[in-house]
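This report concerns only the one structure given below.
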Amino acid sequence: MAFSLYDASVANYLQTLGAVSVVLDRGLTYFRENNVDPEQIVETRLAPDMLPFRFQIISVAHHSRGAIEAAKNGVFTPPTMNQLDYAGLQALVTDTEKELSNLSRDAVNALEGRDMVFKMGDRTLPFTAENFLMSFSLPNFYFHAATTYDILRLKGVPLGKRYYMGRLRMKS
Numbered sequence: 000m001a002f003s004l005y006d007a008s009v010a011n012y013l014q015t016l017g018a019v020s021v022v023l024d025r026g027l028t029y030f031r032e033n034n035v036d037p038e039q040i041v042e043t044r045l046a047p048d049m050l051p052f053r054f055q056i057i058s059v060a061h062h063s064r065g066a067i068e069a070a071k072n073g074v075f076t077p078p079t080m081n082q083l084d085y086a087g088l089q090a091l092v093t094d095t096e097k098e099l100s101n102l103s104r105d106a107v108n109a110l111e112g113r114d115m116v117f118k119m120g121d122r123t124l125p126f127t128a129e130n131f132l133m134s135f136s137l138p139n140f141y142f143h144a145a146t147t148y149d150i151l152r153l154k155g156v157p158l159g160k161r162y163y164m165g166r167l168r169m170k171s
């Protein structure tokens with residue numbers, strides 16, 4: 000079987016979304032056990048000039064589910080910053096994972112070669128669907144997933160690298 004656009008994108012999104020879901024659950028357990036209001040975490044930043052935890056989760060969803068939708072529709076724009084609480088962020092990850100799980104390999108692979116653009120304000124960057132997913136979406140997706148993990152670690156949540164890695168796709 001040849002390596003496909005689905006394998007390079009959706010399979011990786013699902014692996015990491017599963018990991019993000021686990022670290023969010025572990026975070027919630029840790030916060031409850033240590034009498035920390037999880038809503039305090041939602042606006043936590045690694046640095047003053049970085050966007051908060053909430054944005055990281057929204058971006059994980061946007062650079063996975065939103066990226067596939069953009070490849071279908073031909074246009075990707077920055078995410079809407081919804082005011083989600085911790086439970087809302089967990090639900091966003093779960094919903095994103097479910098939607099991506101329902102995509103067919105054929106439908107995703109059929110996106111290859113399609114023209115699309117990234118629009119931000121007056122800027123428009125042209126891509127093919129596969130170049131967008133591989134050179135823009137996936138790097139951003141991993142950055143925001145890692146930043147999510149980092150903020151939880153900063154707040155004391157006991158996580159190791161294996162939690163970030165998610166379920167590995169092993170030879171069967």
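Under numbering that gives the first Met the number 0, the residue at position 62 of the sequence shown is numbered 61, and the numbers go up by one with no gaps. In this text, a Cβ means the ideal position worked out from N, Cα and C, and glycines have one as well. As the structure is a computational prediction, the values presented were derived from the model and not from experiment.
Helix, strand or coil at residue i according to DSSP, with G and I counted as helix
i           : result
residue 95  : helix
residue 121 : coil
residue 147 : helix
residue 115 : strand
residue 131 : helix
residue 14  : helix
residue 4   : helix
residue 69  : helix
residue 104 : helix
Same chain, Cβ closer than 8 Å to residue i, neighbours up to 5 away in sequence not counted
i           : result
residue 41  : 51, 52, 53, 83, 84, 85 and 88
residue 157 : 25 and 29
residue 123 : 116 and 117
residue 10  : 168
Bridge partner(s) assigned by DSSP for residue i
i           : result
residue 138 : Answer is none; residue 138 lacks a bridge partner.
residue 74  : 116
residue 126 : 115
Own chain residues within Cβ distance below 7 Å of residue i, not counting five before or after
i           : result
residue 96  : 13, 16, 17 and 20
residue 74  : 115, 116 and 118
residue 63  : 12, 16, 95, 99 and 140
residue 154 : 40 and 43
residue 5   : 104, 107 and 108
Proximity of residue i and residue j at Cβ, strictly below 9 Å
i           : j           : result
residue 3   : residue 132 : no
residue 25  : residue 141 : no
residue 92  : residue 60  : yes
residue 22  : residue 147 : yes
residue 149 : residue 27  : no
residue 102 : residue 70  : no
Residue i: CB within 8 Å of a non-hydrogen atom of the ligand COA
i           : result
residue 100 : As presented, the structure is devoid of all ligands, the ligand COA included, so that no description of it is given.
Own chain partners of residue i with C-beta closer than 6 Å, once the 5 adjacent residues on each side are dropped
i           : result
residue 57  : 78
residue 143 : 55, 58 and 59
Residue-chain proximity (residue i, chain C), Cβ-Cβ < 9 Å
i           : result
residue 166 : In summary, chain C is missing from the structure at hand, where a single protein chain is found.
Item checked: Every unbroken alpha helix (DSSP H) within the stretch 24-60, with a cutoff of 4 residues, ordered by chain -> 37-40
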